[in-house]
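**Student:** Protein sequences appear in the order of chains E and V.
Start counting the first sequence at 1444; every next residue gets the next number (this note's numbering).
Start counting the second sequence at 3; every next residue gets the next number (this note's numbering).
Questions regarding the structure given below will be posed in turn.
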Amino acid sequence: MLDANPAPLVQVEDLKMHFPIYTGLFRKHTGDVKAVDGVSFQIMAGQTLGLVGESGCGKSTVGRAMLRLYEPTAGRVVIDGEDVAKLSPEALRKKRPSMQMVFQDPQACLNPRMTLEEIVSEPLDEHTDWSRDKKLERVYELMDQVGLNRRFVNRFPHEFSGGQRQRIGIARALALKPQFIVCDEPIAALDVSIQAQVVNLLEDLQAKLGLTYLFISHDLSMVRHLAQRVAVMYLGRIAELSPSKDLYARPLHPYAEALLSAVNEPDPELAARRNRIILKGDVPSPANPPKGCNFCTRCPKVMDICRSVKPDLVEVEPGRQVACHLYGIQSATGSTGGTEAIERKQQGVNQ
Amino acid sequence: MLTFTLRRLLLAIPTLLVISLVIFLLVDLAPGSPLSQIPLTVPPDVRQKMIEALGADQPVMFRYVLWLRQFFWVEPMNLFDGWFGTHIVEGEQRILSWQSRSPVFSIIGERIPQTLIVIGTAYLVGILIALPIGIYSAYRQYSLFDQIGTLFAMIGFSVPTFFSGTLFIIIFSVWLGWLPTKYDTTLQVIDWASFLEQIKQMILPVMTLGLANAASISRYMRSSMLDNMGMDYVRTARAKGLSERVVVLKHVLRNSLIPVVTVIALGIPSIFGGAIITENLFGVNGIGAALIGAIQASDIPMVQTLAFIFAVLIVLFNLIADVLYGFLDPRIRYD
């Protein structure tokens, strides 16, 4: 019966990434920065999941921890049937060709002492036993795919413009024919005029090569354009995970609502009527998040329960998952069991 | 690159002329006279004759210009004559030491092999010790190895060579009796036994100086590695699925070596300069010992010539370091 829904290519379960804090004279372990604190989602093959949120909410950390560029503290990251979080170093190296990343800063992420050819063909040196000519042929092929002139093959990264450098970064990521690519704010460092080019390139490549993307960005309109589903992150947790159409039409989580109200509206009449929600206060420190819901310190719709119980990410409408007590109570009104459970939890916390 | 090098060489000429004048005036204005060691029983007119014989009675500017001519024309041409058997500057006066009345350049020629062998080896050993320590310390920052490496560097930095050298002599020569206390400059390497002897007598001075050199270079290496270790391209390299060895040795190390290589190049003139204290301590009869002897005897031509040669080497190696930088870092262009 599941034949209609193919298995997801990428499945993340309860991913946690805590960075330890050492303080004092003897560098004692006094706490953790909970950059990512229990994140779960799935991405279907050939689809794009957008990951949005404000700066410092842990978006990039999710991407890096998924590809084991950081060692995740806990959780499972299953990519094409293998749990990346548990692979041995050697098995992980063998797995790398199938999962790649396009980085945020196209200047810094390319080795300044290597030419374009060396940068793009290095993964081939490591993972294939091709001859030099065959590798060069592949480099040319990739350059054509990302729209770089073949004459540039022996140039160094500093000789390219920002947009071209990002194309090198994409060509590099594609060299080993990955199935899954994490795009970590690939357009954030680019000129607005170049952003569209790069996004279109990513879309074309997806259509041509059947790639699966995790698209991390704080540019909400770009994500809307690219992603089928969008996860909104706040302080290391997912607040809402919805199909992008539904999310942009009617955000459920108060944070998603506030975030989307900040998107610029090109129509001045609509813009005048727009109901901009301005959040008060600062984001709490991820080293010391609030006890209940992460968002309870700034939420305009905060309730008592929010300050004591962490809401779970639950499906409140078909295909839409929200971590908010507003919806927990609505769905729980029918059954007494739900409220009891919440009360029990509260008592547990109070003791 | 060639234009840049030539331009820098041309610019070096006025710089060196000013340096030579400053050195000459400083040495000349310093108190003391080449004849201050001569007993007072020598009659004044004889003393006057001796001064005239040295040429020390001439005005400063006259002696300076004469020295310039000797340094830049007579000495190089003399070398040329020696090589090709010509007679261009035959009979012209060379720069003579006031102490020994022999040409300064012959003295330098006698002294330099000692210095290069001992100090050069110490520098090389220092580099060979420092690079692995720096690399591994940075790779495992704050590990036990790194802490010990830091301690080693701090000791190398803060303990002066006259102390560490003496300490080594006490431990290895006096207590253990393994190594000789003095460096025998008359030893000739003719067979295995004398070669071993040479190695044995080199160990102590090389260790003393090598420790000091290794300390500073390992710190440079470590901090440069740390700078690069956190760079985004290193993460890219890991994402490519390269092995840790390749990531560290190819990506991080090659980029980190750029500043270290220039620091090493800038340190090379100090090899020629010799190490005055260490040479004296172990009796290595090198350039450093020659310089200190000349200063004590107010041997102006000798001090002037040596100081000026060091200045030339420093200017030259600065240029070499800059050119090296251009070769190693493709982002730097000299056009």
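Using N, Cα and C, we set each Cβ at its ideal position, and we do this for glycine too.
Inspect the beta-carbon positions of V:V188 and V:V286 and report whether they are closer than 8 Å.
**Tutor:** Here residue 188 of chain V corresponds to residue number 186 of the second sequence, with the count starting at 1. Here residue 286 of chain V corresponds to residue number 284 of the second sequence, with the count starting at 1. Sequence check: residue 188 of chain V is Thr here, not Val. Cβ distance not < 8 Å, so V:T188 and V:V286 don't count as in contact.
**Student:** Please list the partners that V:S145 has in chain E, where partner means a Cβ-to-Cβ separation under 8 Å.
**Tutor:** For the purposes of this step, residue 145 of chain V is identified with residue 143 of the second sequence, where counting begins at 1. By Cβ distance, chain E contributes nothing, its closest Cβ being about 13 Å from V:S145, past 8 Å.
**Student:** Pull up the CB-CB distance for V:V325 and V:T5, whole angstroms please, since I reckon it's below 8 Å.
**Tutor:** In the second sequence, counting from the first residue as 1, residue 325 of chain V sits at position 323. In the second sequence, counting from the first residue as 1, residue 5 of chain V sits at position 3. Contact flag wrong, Cβ pair sits at about 12 Å.
**Student:** In whole angstroms, what is the alpha-carbon distance linking E:A1650 and E:V1641?
**Tutor:** Position 207 of the first sequence, counted from the start, is the residue given in the question as residue 1650 of chain E. Position 198 of the first sequence, counted from the start, is the residue given in the question as residue 1641 of chain E. So the alpha carbons of these two residues sit roughly 14 Å apart.
**Student:** Using three-state DSSP, classify E:C1749 as helix, strand or coil.
**Tutor:** Looking up residue 1749 of chain E in the first sequence gives position 306. Note: E:C1749 maps to helix in three-state DSSP.
**Student:** With a threshold of 8 Å between beta-carbons, can E:E1584 be considered close to chain V, or not?
**Tutor:** Taking the first residue of the first sequence as 1, we reach residue 1584 of chain E at position 141. Chain V, which has no Cβ nearer than 8 Å to the Cβ of E:E1584, makes this no.
**Student:** Determine, using beta carbons only, whether E:H1570 comes closer than 8 Å to chain V.
**Tutor:** Residue mapping note: residue 1570 of chain E aligns to position 127 of the first sequence, counting from 1. Closer than 8 Å to some Cβ of chain V, the Cβ of E:H1570 qualifies, so yes.
**Student:** Give a yes or no on whether 8 Å exceeds the smallest Cβ distance from V:Y327 to chain E.
**Tutor:** Start at 1 with the first residue of the second sequence, and residue 327 of chain V comes out as number 325. Not an interface residue.
**Student:** With 7 Å as the limit, tell me which residues of the segment 120-143 of chain V have their beta carbon closer than that to any beta carbon of chain B; keep them in chain order.
**Tutor:** Checking the listed chains, one finds no chain B in this structure; the protein chains it contains are E and V.
**Student:** List, in chain order, every chain V residue whose beta-carbon is nearer than 8 Å to that of E:Q1607.
**Tutor:** As a first step, residue 1607 of chain E must be located in the first sequence, where it is residue number 164. What E:Q1607 touches in chain V: nothing, since even the nearest Cβ is about 16 Å away.
**Student:** To the nearest whole angstrom, what separates the beta carbons of V:N80 and V:V67, a pair I think is in contact under 8 Å?
**Tutor:** Sequence index remark: in the second sequence, residue 80 of chain V carries index 78 (1-based). Sequence index remark: in the second sequence, residue 67 of chain V carries index 65 (1-based). 19 Å between Cβ atoms; not a contact.
**Student:** Shorter than 8 Å from the beta carbon of V:T17 to some beta carbon of chain E?
**Tutor:** By 1-based counting over the second sequence, the position of residue 17 of chain V is 15. For V:T17, the answer is no, since every Cβ of chain E falls outside 8 Å of its Cβ.
**Student:** Does chain E have any CB closer than 8 Å to the CB of V:R247?
**Tutor:** In the second sequence, counting from the first residue as 1, residue 247 of chain V sits at position 245. Not an interface residue.
**Student:** Taking 8 Å as the threshold (beta carbon to beta carbon), is E:P1555 in contact with chain V?
**Tutor:** By one-based count along the first sequence, residue 1555 of chain E stands at place 112. Chain V contact via Cβ: present.
**Student:** Just to confirm the assignment: which complete beta strand (DSSP E) runs, minimum length 3, are found wholly within the segment 1588-1653 of chain E?
**Tutor:** Qualifying beta strand (DSSP E) stretches, in chain order: 1623-1627.
**Student:** Taking a contact to mean a Cβ-Cβ separation below 8 Å, would you say V:I289 touches V:G269 in this structure?
**Tutor:** For the purposes of this step, residue 289 of chain V is taken as the residue at position 287 of the second sequence. For the purposes of this step, residue 269 of chain V is taken as the residue at position 267 of the second sequence. No. Outside cutoff.
**Student:** On the CB-based measure, 16 or more other CB atoms within 10 Å of its CB, does V:S342 come out buried or exposed?
**Tutor:** Here chain V covers residues 3 to 337 and nothing more, so residue 342 of chain V does not appear.
**Student:** Against chain V, does E:A1766 count as a neighbour if the rule is that its beta carbon must be under 8 Å from one of theirs?
**Tutor:** Translated into positions along the first sequence, residue 1766 of chain E becomes position 323. Chain V, which has no Cβ nearer than 8 Å to the Cβ of E:A1766, makes this no.
**Student:** Would DSSP call V:T307 helix, strand or coil?
**Tutor:** For this step, residue 307 of chain V is matched to residue 305 along the second sequence. Three-state DSSP puts V:T307 in a helix.
**Student:** Leaving out five residues before and five after V:R224 in sequence, what residues of the same chain have Cβ atoms less than 7 Å from its Cβ?
**Tutor:** Stepping through the second sequence from its first residue, residue 224 of chain V is reached at position 222. Answer for V:R224: G136, S139 and A140, listed in chain order.
**Student:** So if I threshold CB-CB distances at 9 Å, which residues from the segment 229-253 of chain V count as touching chain E?
**Tutor:** Taking 9 Å as the Cβ-Cβ cut-off against chain E, the residues of the segment 229-253 of chain V that qualify are M233, D234, Y235, V236, R237, T238, A239, R240, A241, K242, G243, L244, S245, E246, V248, K252 and H253.
**Student:** Between which two residues does the alpha helix (DSSP H) carrying V:G1 extend?
**Tutor:** Any property of residue 1 of chain V remains undetermined from this structure, which presents chain V solely from 3 to 337.
**Student:** What is the rounded straight-line gap between the Cα of V:E77 and the Cα of V:V106?
**Tutor:** Here residue 77 of chain V corresponds to residue number 75 of the second sequence, with the count starting at 1. Here residue 106 of chain V corresponds to residue number 104 of the second sequence, with the count starting at 1. Distance between the alpha carbons of V:E77 and V:V106 is about 10 Å.
**Student:** For the alpha helix (DSSP H) holding E:R1507, just list the boundary residues, first then last.
**Tutor:** Here residue 1507 of chain E refers to the residue found at position 64 of the first sequence. Element bounds for E:R1507: K1502 to M1509.
**Student:** Could you tell me whether the Cβ of E:Q1622 comes closer than 8 Å to any Cβ of chain V?
**Tutor:** Translated into positions along the first sequence, residue 1622 of chain E becomes position 179. Not an interface residue.
**Student:** Should V:I150 be labelled buried (16 or more other beta-carbon atoms within 10 Å of its own) or exposed?
**Tutor:** Translated into positions along the second sequence, residue 150 of chain V becomes position 148. Counting Cβ neighbours within 10 Å, V:I150 comes out exposed, since fewer than 16 surround it.
**Student:** Can you pull the chain E residues whose beta carbon is under 8 Å from the beta carbon of V:R221, in chain order?
**Tutor:** Here residue 221 of chain V refers to the residue found at position 219 of the second sequence. The premise fails here: V:R221 is roughly 22 Å from chain E at the closest Cβ pair, so nothing lies under 8 Å.
**Student:** To the nearest angstrom, how far is it from the Cα of V:W75 to the Cα of V:G84?
**Tutor:** Indexing the second sequence from 1 puts residue 75 of chain V at position 73. Indexing the second sequence from 1 puts residue 84 of chain V at position 82. The straight-line gap from Cα to Cα measures roughly 14 Å.
**Student:** Output the distance between the C-alpha atoms of E:G1572 and E:Y1583, rounded to the nearest integer angstrom.
**Tutor:** Stepping through the first sequence from its first residue, residue 1572 of chain E is reached at position 129. Stepping through the first sequence from its first residue, residue 1583 of chain E is reached at position 140. Sequence inspection shows Asp at residue 1572 of chain E; the Gly mentioned does not correspond to that position. Going by the C-alpha atoms only, they are around 18 Å apart.
**Student:** What are the residues in the segment 1497-1520 of chain E lying within 8 Å of chain V by C-beta distance?
**Tutor:** Correct list: R1507, L1510 and L1512.
**Student:** Counting along the chain, where does the beta strand (DSSP E) carrying E:V1765 start and finish?
**Tutor:** For the purposes of this step, residue 1765 of chain E is identified with residue 322 of the first sequence, where counting begins at 1. Here the beta strand (DSSP E) through E:V1765 covers R1763 to V1765.
**Student:** Can you list, in chain order, the residues of its chain with a C-beta nearer than 6 Å to that of E:K1821? Leave out the 5 residues immediately preceding and following it.
**Tutor:** Nothing can be reported for residue 1821 of chain E, as the shown portion of chain E is limited to 1444 through 1794.
**Student:** At which residues does the alpha helix (DSSP H) containing V:G158 begin and terminate?
**Tutor:** Position 156 of the second sequence, counted from the first residue, corresponds to residue 158 of chain V. Start and end: L146 to S160.
**Student:** Can you pull the DSSP bridge partners for E:E1525?
**Tutor:** On the first sequence, position 82 is the one that residue 1525 of chain E refers to. Answer is E:I1522.
**Student:** Return the CA-CA distance between E:E1456 and E:G1481, expressed in angstroms with no decimal places.
**Tutor:** Against the first sequence, residue 1456 of chain E aligns to sequence position 13. Against the first sequence, residue 1481 of chain E aligns to sequence position 38. Computed Cα separation, rounded: 8 Å.
**Student:** Taking the alpha carbon of E:V1752 as the reference point, which residue from E:H1768, E:V1759, E:P1761 and E:P1743 has its own alpha carbon closest?
**Tutor:** In the first sequence, counting from the first residue as 1, residue 1752 of chain E sits at position 309. Considering only alpha carbons, the answer is E:H1768.
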